[in-house]
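K.L.:
From first to last, the protein sequence lines stand for chains A and B.
In this text, residue positions in the first sequence follow the numbering used here: the first is 135, and each later residue adds one.
In this text, residue positions in the second sequence follow the numbering used here: the first is 135, and each later residue adds one.
Don't be surprised by glycine CBs; every beta carbon is placed ideally from N, CA and C.
Only a predicted model underlies this, so the values are computations on that prediction, with no experimental measurement involved.
Number of protein chains: 2
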Amino acid sequence: MASDTYTRILDTAQSLIVNRGYNAFSYADISAALGIGKATIHHHFPGKADLVVAVIARYRQATEDGLGAMAAREPRAGRRLAGYVGFWEQCIRDNNAPFCIAALLAAELPSLPAEVAEQVKAHFDELTARLTGFIDEGLRKGELTSTEDAERSARILVATVHGAMLAARVAGGDAELYASITAPALQRLTREIAST
Amino acid sequence: MASDTYTRILDTAQSLIVNRGYNAFSYADISAALGIGKATIHHHFPGKADLVVAVIARYRQATEDGLGAMAAREPRAGRRLAGYVGFWEQCIRDNNAPFCIAALLAAELPSLPAEVAEQVKAHFDELTARLTGFIDEGLRKGELTSTEDAERSARILVATVHGAMLAARVAGGDAELYASITAPALQRLTREIAST
DNA sequence: GGGAGTCTACCGACTAGTTGGTCTGTCGTC
DNA sequence: GACGACAGACCAACTAGTCGGTAGACTCCC
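Okay, structure coming up:
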């Protein structure tokens, strides 16, 4: 289905978005990186918005798959959340894709084409819903404690993760800084039952 | 000193950056908004990087002045932090400048000119230092409680605020959402002595 | 008082390069 | 011979930035 070139265009676009955002990458960048004609990119993705929508759609799917797989193998809510938070710590440490493209695009939101903006919003909704599910389950099982309801806890966690990414980026890709900011956000939910 | 045109260019550039970032605004935008020639902008700011550096420098100064003034009039640490957090809630509610330009530029950091990147980093350092001072003083006076040291607490607060801005922007400028995410971050520091 | 020179603020017209996007083709494969 | 995958050449619009010039204010000197 998805041809090799098609996938490589998506890959390149994604890595360009990770560290330049929507407005600072061009068809020429992808063309040069892959050694293909610009027209080839237009053949697979008629417009820039189509390309970026496809990137985020794939990203959303990967996120859903990843979180779903983790939920299947890890029943403990605290570990699930730690898995999500730790995933990004590893990304920053490896410096491969050290930023959530949806968070970056969210910052640029007012300047994005409508279709792209919708995808970004959808990612936030999905991610929040997934984490809300984890937290809700954890609270009901007594594995987690929180003074807020599950959804609010999830939003706080996501915000902290995104803010910590920003801080780490400013600090030159400092994974320790990311961890030191996010760790207390996890502890907040697992406190007093940490030694389970 | 600072002529009227000079200031208006800065104002316009700042508001363009707030909702488009560095790469998605142009001299032509400012030129059109103010009804002046593009060459006039170049007269005051030789290059785009110079312009944006000037915007952030002024922004940093305003932040320092604002936080300094608040510290002078409000001795209670908890209120100082609430003032910082509440400032952005009001900005989002009024929809005038509903995003911290330094946070937005931080996301775009890898694609920014070096001089601009430096200014962004400097803002983060200054802001963290200021809040660290507030928290440190609050802890020593017994007005605040924290399981982490003051600097780490400050970084967590900043990250939460930035993450909450992102969430609010995605939600279409939802100030309530911003508040619901940031409020617990403040409570974390003021808990058990809230009724002072 | 009146030039003559100088400075700042500003603008219209321009440039070289880049942007996203199109058109017309040529391959190879089924 | 139709079709998907690709590319070269092209396009209009836009990018940051330059150039030469003008209009006004502020000197300084006679």
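1) Hey, how far is the Cα of B/THR266 from the Cα of A/ARG154?
2) At 8 Å on the CB atoms, spell out the chain A contacts of B/ASN157, in chain order.
3) Can you list, in chain order, the residues of its chain whose CB lies under 8 Å from that of B/ILE235, leaving out five sequence neighbours each side?
4) I'd like the list of long-range same chain contacts for B/ALA251, defined as Cβ closer than 7 Å, with 5 residues on each side in sequence excluded.
5) Figure out for me which residue from B/PRO180, B/GLU198, B/ALA166 and B/TYR140 has the closest Cα to the Cα of B/ALA256.
6) Among B/LEU238, B/GLN195 and B/GLY220, which one has its Cα closest to the Cα of B/ALA291?
7) Just list the alpha helix (DSSP H) runs in the stretch 146-204 of chain B, keeping only unbroken ones of 4 residues or longer that don't cross its boundaries, in chain order.
8) Helix, strand or coil for B/THR316? Go by DSSP, reduced to three states.
9) Count the other CB atoms within 10 Å of the CB of B/GLN253; is the residue buried (16 or more) or exposed (fewer)?
10) Tell me the rounded alpha-carbon separation between A/GLU282 and A/ILE269.
11) Round the Cβ separation of A/ALA211 and A/GLY272 to the nearest angstrom and send it over; I've been treating them as touching at under 8 Å.
12) If the criterion is Cβ atoms closer than 7 Å, does the pair B/VAL304 and A/ALA240 meet it?
13) Rounded to a whole number of angstroms, what is the C-alpha to C-alpha distance between A/ARG325 and A/LEU144?
14) Just the chain A side, please: which residues come within less than 8 Å of B/VAL304 by C-beta, in chain order?
15) Hey, quick one: how far does the alpha helix (DSSP H) through A/LEU300 stretch, first residue to last?
16) At a CB-CB cut-off below 7 Å, which residues of chain B make contact with A/ALA298?
17) Between the beta-carbon of B/LEU246 and the beta-carbon of B/TYR156, is there less than 7 Å?
18) Which term fits B/ARG274, buried or exposed, when burial requires 16 or more other beta carbons within 10 angstroms of its beta carbon?
19) Answer yes or no: do B/GLY307 and B/ASN229 have a C-beta to C-beta separation smaller than 7 Å?
20) Assign B/GLY276 to one of two classes, buried (16 or more other C-beta atoms within 10 Å of its C-beta) or exposed (fewer than that).
21) Would B/ARG289 pass as an interface residue toward chain A - the criterion being a Cβ-Cβ separation below 7 Å?
22) Taking A/MET299 and A/PHE258 to be in contact with their CB atoms under 8 Å, please state how far apart those CB atoms are, rounded to whole angstroms.
23) What is the DSSP secondary structure of A/GLU208, counted as helix, strand or coil?
24) For B/LEU311 and B/ALA302, which I take to be in contact (beta-carbon distance under 8 Å), what is that distance rounded to the nearest angstrom?
25) Which bits of chain A does B/ALA301 rub up against, with CB to CB less than 9 Å?
26) Under 7 Å between beta-carbons, which chain B residues line up against A/GLU282? List them in chain order, please.
P.N.:
Taking the coordinates as given:
1) The residue you call residue 266 of chain B lines up with position 132 of the second sequence. The residue you call residue 154 of chain A lines up with position 20 of the first sequence. A direct Cα-Cα distance of roughly 31 Å separates B/THR266 from A/ARG154.
2) Reading the second sequence from its first residue, position 23 is the one you call residue 157 of chain B. Neighbours of B/ASN157 on chain A, chain order: ARG154, GLY155, ASN157 and ALA158.
3) Counting from one through the second sequence, the residue named residue 235 of chain B turns up at place 101. Cβ neighbours of B/ILE235 beyond the five flanking positions: GLN148, ILE151, VAL152, VAL189, ILE190 and TYR193.
4) As a working mapping, residue 251 of chain B is identified with position 117 in the second sequence. In chain order, LEU243 place their CB closer than 7 Å to the CB of B/ALA251, counting only its own chain and leaving out the 5 sequence neighbours on each side.
5) Along the second sequence, read from residue 1 onward, the residue named residue 256 of chain B stands at position 122. Taking each of B/PRO180, B/GLU198, B/ALA166 and B/TYR140 in turn and checking the Cα distance to B/ALA256, the smallest one comes out for B/GLU198.
6) Numbered from its first residue, the second sequence carries residue 291 of chain B at position 157. Ala is not the amino acid found at residue 291 of chain B; the sequence shown has Leu there. The shortest C-alpha separation from B/LEU291 is found at B/GLY220.
7) Entirely contained in the stretch 146-204 of chain B, the alpha helix (DSSP H) runs reaching 4 residues are, in chain order, 161-168 and 172-178.
8) By one-based count along the second sequence, residue 316 of chain B stands at place 182. B/THR316: helix per DSSP, three-state reduction.
9) Counting from 1 along the second sequence, the entry for residue 253 of chain B is found at position 119. Classification of B/GLN253: buried, given that the 10 Å Cβ count is 16 or more.
10) Translated into the one-based positions of the first sequence, residue 282 of chain A becomes position 148. Translated into the one-based positions of the first sequence, residue 269 of chain A becomes position 135. Cα to Cα, the separation comes out at about 11 Å.
11) Along the first sequence, read from residue 1 onward, the residue named residue 211 of chain A stands at position 77. Along the first sequence, read from residue 1 onward, the residue named residue 272 of chain A stands at position 138. Right, the Cβ-Cβ distance comes to about 3 Å (below 8 Å), so this counts as a contact.
12) Stepping through the second sequence from its first residue, residue 304 of chain B is reached at position 170. Stepping through the first sequence from its first residue, residue 240 of chain A is reached at position 106. Yes, these two residues count as a Cβ contact at 7 Å.
13) Start at 1 with the first residue of the first sequence, and residue 325 of chain A comes out as number 191. Start at 1 with the first residue of the first sequence, and residue 144 of chain A comes out as number 10. Per the coordinates, the alpha-carbon of A/ARG325 lies some 41 Å from the alpha-carbon of A/LEU144.
14) The sequence position of residue 304 of chain B within the second sequence is 170, counting from 1. Chain order gives the chain A residues near B/VAL304 as ALA240, LEU243, VAL254, LYS255 and PHE258, where near means a beta carbon separation below 8 Å.
15) Counting from one through the first sequence, the residue named residue 300 of chain A turns up at place 166. A/LEU300 -> alpha helix (DSSP H) spans 284-304.
16) Taking the first residue of the first sequence as 1, we reach residue 298 of chain A at position 164. One finds ALA293 in chain B with Cβ atoms closer than 7 Å to the Cβ of A/ALA298, taken in chain order.
17) Reading the second sequence from its first residue, position 112 is the one you call residue 246 of chain B. Reading the second sequence from its first residue, position 22 is the one you call residue 156 of chain B. Yes; because the gap between Cβ atoms is below 7 Å, this pair is in contact.
18) The sequence position of residue 274 of chain B within the second sequence is 140, counting from 1. Of the other Cβ atoms in all chains shown, fewer than 16 fall within 10 Å of the Cβ of B/ARG274; this residue is therefore exposed.
19) Locating residue 307 of chain B in the second sequence gives position 173, counting from the first residue. Locating residue 229 of chain B in the second sequence gives position 95, counting from the first residue. Their beta carbons are under 7 Å apart, which means B/GLY307 touches B/ASN229 by this criterion.
20) Residue 276 of chain B sits at position 142 when you count from the first residue of the second sequence. B/GLY276 counts as exposed, since fewer than 16 other beta carbons sit within 10 angstroms of its beta carbon.
21) As a first step, residue 289 of chain B must be located in the second sequence, where it is residue number 155. The C-beta of B/ARG289 comes closer than 7 Å to at least one C-beta of chain A.
22) As a position in the first sequence, residue 299 of chain A is number 165, starting the count at 1. As a position in the first sequence, residue 258 of chain A is number 124, starting the count at 1. A/MET299 to A/PHE258, Cβ: 14 Å. No contact.
23) Here residue 208 of chain A refers to the residue found at position 74 of the first sequence. It is coil, neither helix nor strand.
24) The residue given as residue 311 of chain B occupies position 177 in the second sequence. The residue given as residue 302 of chain B occupies position 168 in the second sequence. At roughly 5 Å, the Cβ-Cβ gap stays under 8 Å, so B/LEU311 and B/ALA302 are in contact.
25) Mapped onto the second sequence, residue 301 of chain B falls at position 167. Simply ALA240, PHE258, THR262, ARG289, VAL292, ALA293 and HIS296.
26) Counting from 1 along the first sequence, the entry for residue 282 of chain A is found at position 148. Those are PRO318, listed as they occur along chain B.
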